[in-house]
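In mature numbering (1 follows the signal peptide of the UniProt record, and there is no 0), the protein residues as written are -20 to -1, 1 to 269. We put the beta carbon where it would ideally sit given N, CA and C, even for glycine. Predicted, not measured: the structure shown is a model, and the values here were computed from it.
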């Protein structure tokens, strides 16, 4: 079990008190991982209808952002351009630009060629020459990459999915839910009315801290939690900088923000992290280890 799945499933397990309100649970797959959703006090028929809507939403998100199947993202990477991207695709690009700016470039989705070169033993110097978010051309009618570029949204898409599912649930009348799309989004106060409890663990599985979440998201990144190639961290510095920390956990009102910041913060010192947080009201660091 990889680092992300361990943390997510730990959060779900700890969210279950000994005597809880009635829970309706859905489990599925997406984004290359197992997914989970728990609804508090839901009517069973209403819950089943909601779960079908959740599955359709996940299918749409994967059709936009997945690297594991044919998607708008894989077509962009293959062709170097994507005509008339969806409003969701543009919205995620906008958030990527915000985080890129706030983190002075530490968050950069153009690291995908470097990731592939590390994983497959390719030419790292050639891959590094393609990196640069500001070289991506974004217009309403088209997204165009510079020669050799490719994007990855693996540091933000699962948080984005959690936010989208949260919006769906709120619109469907749910006020209490735990959403695990690889990153955690907690709605309401949970089954015991005191918040959802989530564990923050190291890449080795040691619990570092427990936090309570109410209408709040949590994302944790551990550079050594997933290794690629000959033992390289899966979190790659766009300027060649190595990770400075073993575990970073960020909470925020939006899971996509928490996801992206926890990824970038692995490459940043504390003062740079604090400066970035000022651009995202409500976001805070839960663990730096």
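- Per DSSP, the unbroken alpha helix (DSSP H) holding residue 139 starts and ends at 137 to 151.
- Listed in chain order, the beta strand (DSSP E) elements of length 3 or more contained wholly in the segment 81 to 142 are 117 to 119 and 122 to 124.
- Remark: fewer than three beta-carbon pairs, one from each stretch, lie closer than 8 Å, so the segment 21 to 28 and the segment 107 to 125 are not flagged as touching.
- Classified as buried, residue 166 has 16 or more neighbouring CB atoms from the shown chains inside 10 Å of its CB.
- Between residue 15 and residue 5, the C-beta gap is not smaller than 9 Å, which leaves the two residues out of contact.
- For residue 38, the enclosing alpha helix (DSSP H) stretches over residues 24 to 45.
- Residue 256 and residue 100 have their C-alpha atoms roughly 33 Å apart.
- The beta carbon of residue 226 sits closer than 8 Å to the beta carbons of 182, 183, 202, 203, 204 and 269 from its chain, once the five residues preceding and following it are set aside; these are given in chain order.
- For residue 250, the uninterrupted alpha helix (DSSP H) segment begins and ends at 250 to 257.
- Bounds of the beta strand (DSSP E) holding residue 4 are 3 to 10.
- For residue 160, the enclosing beta strand (DSSP E) stretches over residues 157 to 160.
- For residue 55, the three-state secondary structure derived from DSSP is helix.
- In this structure, residue 85 keeps its C-beta atom at 9 Å or more from the C-beta atom of residue 223.
- Three or more beta-carbon pairs drawn from the segment 62 to 74 and the segment 114 to 133 are found closer than 8 Å, and the two stretches are therefore classed as touching.
- Within 10 angstroms of the beta-carbon of residue 144 lie 16 or more other beta-carbons, which makes it buried.
- DSSP, read as helix, strand or coil, puts residue 241 in helix.
- Setting aside the 5 residues that flank it on each side, residue 43 is surrounded in the same chain by 51, each with a C-beta closer than 6 Å to its C-beta; the list follows chain order.
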